[in-house]
Amino acid sequence: MISLNKNYNNKSFIKQKILKKDNLKISVLASGSTGNVTYIESEKEKLLIDAGLSGKKIEELLNQIGHSLSEIDGLLITHEHNDHSHGAGVISRKYDIPIYANKDTWNAMGKLIGNIKLQNKCDFENNSLKTIGDIDIESFRVSHDAVNPQFYAIHYNNKTFVIISDTGYISDYVQGVIKNADGYLFECNHDLEMLRSGQYPWSLKRRIMSDTGHLSNIDAANYLSKLIGNKTKNIFLGHLSQNNNQKDLAKITVSSILKEHDFNVDNDFILRNTDFDKPTDIMDI
Numbered sequence: 001m002i003s004l005n006k007n008y009n010n011k012s013f014i015k016q017k018i019l020k021k022d023n024l025k026i027s028v029l030a031s032g033s034t035g036n037v038t039y040i041e042s043e044k045e046k047l048l049i050d051a052g053l054s055g056k057k058i059e060e061l062l063n064q065i066g067h068s069l070s071e072i073d074g075l076l077i078t079h080e081h082n083d084h085s086h087g088a089g090v091i092s093r094k095y096d097i098p099i100y101a102n103k104d105t106w107n108a109m110g111k112l113i114g115n116i117k118l119q120n121k122c123d124f125e126n127n128s129l130k131t132i133g134d135i136d137i138e139s140f141r142v143s144h145d146a147v148n149p150q151f152y153a154i155h156y157n158n159k160t161f162v163i164i165s166d167t168g169y170i171s172d173y174v175q176g177v178i179k180n181a182d183g184y185l186f187e188c189n190h191d192l193e194m195l196r197s198g199q200y201p202w203s204l205k206r207r208i209m210s211d212t213g214h215l216s217n218i219d220a221a222n223y224l225s226k227l228i229g230n231k232t233k234n235i236f237l238g239h240l241s242q243n244n245n246q247k248d249l250a251k252i253t254v255s256s257i258l259k260e261h262d263f264n265v266d267n268d269f270i271l272r273n274t275d276f277d278k279p280t281d282i283m284d285i
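Going by the UniProt record's numbering, the first residue of the sequence shown is number 1, and it counts up by one from there.
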């Protein structure tokens, strides 16, 4: 396995480079319990965060925003669960795309995604910083029932976009890392009442609500109330359960709680929906 990692122990990353002329561009291609993929673009790089759908479906979603898998320079995996890694092996083999993940995740997903060229197996440990082309990416560990799950803060042109999902809670350390980002893709997995009264077995309900499960709409809103800063302009509500949540309900819940904390929702920043099978428009962050 190729290790390109730099040790990174500071609580947050302060960019010291000359500012680029263009903005970071993102599209949430798919977000939900059935599959997750996010597209990231800078002046020089085109990256995917996670590949939780088939290669064919990911290509279809990219085509809808005017891009193709043949353009992708790298793929970052957050953890081994199928809704985040399913298409990784196929697209790496077909398009010769490097995959970045930590060693534990590589060990856990190896049999799931199949053989990958040695030069495309790139190590990216948690709580570290890696530069891919002109993008600086900061990894941080989350609390989920995977072997070593991590998510990412993407830094480019003095802007930061944070993806955080699949976590039962957010530690003080991680809150320090991701505070006052320009944009977030933030988990709103379930509505507590829908989950509690739903048809899932109690063991699964308990897993979802645990510290190694998923954030509810209320959890998301309460954490966002601590994280939103003057730079924050766009918040995508993601990883919604198809059985235990609804887009309108998630948005109303988060908006209401943030307004209770005196945030000027829809003026200072925008709450945006995501879909499990339809990409958002490409946006500048």
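For glycine and all other residues, C-beta sits at the position ideal for the given N, C-alpha and C.
From the options, residue whose alpha carbon lies closest to that of residue i
{"i": "N244", "options": "T274, D284, H190", "result": "H190"}
{"i": "N267", "options": "T274, S241, N230", "result": "N230"}
{"i": "F124", "options": "L76, E71, F269", "result": "L76"}
{"i": "S143", "options": "C122, Y156, E187", "result": "E187"}
{"i": "I40", "options": "N102, G183, K103, S210", "result": "G183"}
{"i": "E71", "options": "A220, L227, I91", "result": "I91"}
{"i": "I257", "options": "K233, G238, C122, L224", "result": "L224"}
{"i": "N217", "options": "D145, N157, L195", "result": "L195"}
{"i": "K226", "options": "S203, L192, D262", "result": "D262"}
{"i": "N102", "options": "S139, N157, D172", "result": "S139"}
{"i": "R93", "options": "K251, T34, G74", "result": "G74"}
{"i": "D211", "options": "L129, D145, I163", "result": "D145"}
{"i": "I228", "options": "Q175, N36, R206, L129", "result": "Q175"}
{"i": "N171", "options": "K233, L204, D219", "result": "Looking at the sequence itself, residue 171 is Ser, so the reference to Asn does not match. Here the closest residue by C-alpha is D219."}
Inter-residue spacing [alpha-carbon to alpha-carbon] between residue i and residue j
{"i": "T131", "j": "I137", "result": "6 Å"}
{"i": "N222", "j": "K259", "result": "11 Å"}
{"i": "T160", "j": "L112", "result": "31 Å"}
{"i": "S42", "j": "D134", "result": "7 Å"}
{"i": "N180", "j": "I208", "result": "27 Å"}
{"i": "I97", "j": "L53", "result": "16 Å"}
{"i": "D67", "j": "I235", "result": "Sequence check: residue 67 is His here, not Asp. So the two alpha carbons sit approximately 23 Å from each other."}
{"i": "V265", "j": "I285", "result": "17 Å"}
{"i": "Q246", "j": "Y95", "result": "35 Å"}
{"i": "L47", "j": "G168", "result": "26 Å"}
{"i": "L4", "j": "I49", "result": "Unreliable placement is indicated for L4, whose pLDDT of 47 sits below 50; no coordinate value is reported for it."}
{"i": "N273", "j": "T105", "result": "29 Å"}
{"i": "S255", "j": "D248", "result": "10 Å"}
{"i": "H214", "j": "M109", "result": "21 Å"}
{"i": "S241", "j": "E80", "result": "19 Å"}
{"i": "T78", "j": "T253", "result": "27 Å"}
{"i": "A153", "j": "S165", "result": "12 Å"}
{"i": "K251", "j": "D275", "result": "13 Å"}
{"i": "Y156", "j": "N23", "result": "8 Å"}
{"i": "L192", "j": "S33", "result": "16 Å"}
{"i": "V177", "j": "N158", "result": "15 Å"}
Sheet register partners of residue i (DSSP bridge)
{"i": "L62", "result": "According to DSSP, which records beta bridges pairwise, L62 is partnered with nothing at all."}
{"i": "T38", "result": "V28, I49"}
{"i": "R141", "result": "Q150"}
{"i": "N234", "result": "G183, I270"}
{"i": "D136", "result": "T131, H155"}
{"i": "H190", "result": "S216"}
{"i": "I164", "result": "F186"}
Limits of the alpha helix (DSSP H) - the one that residue i falls within
{"i": "I91", "result": "88-95"}
{"i": "E260", "result": "247-260"}
{"i": "N273", "result": "Careful: N273 lies outside any alpha helix (DSSP H), inside the beta strand (DSSP E) at 270-273."}
{"i": "I285", "result": "Segment: none, I285 is in no alpha helix (DSSP H) and carries neither H nor E."}
{"i": "T208", "result": "The displayed chain sequence assigns Ile, not Thr, to residue 208. Unbroken alpha helix (DSSP H) run through I208: 202-209."}
{"i": "Y173", "result": "172-178"}
{"i": "N82", "result": "82-85"}
Element boundaries [beta strand (DSSP E), containing residue i]
{"i": "D123", "result": "121-123"}
{"i": "G74", "result": "74-76"}
{"i": "Y100", "result": "99-101"}
Do the segment 137-150 and the segment 193-202 meet, that is, are 3 or more Cβ pairs less than 8 Å apart? no
Indicate whether the contact test is met: 3 or more Cβ pairs, each with one atom in the segment 100-118 and one in the segment 25-40, closer than 8 Å. no
Touching by the beta-carbon criterion (3+ pairs, under 8 Å), the segment 271-283 and the segment 62-73: yes
Specify whether the segment 83-96 and the segment 40-57 touch according to this definition: at least 3 beta carbon pairs, one from each stretch, less than 8 Å apart. yes
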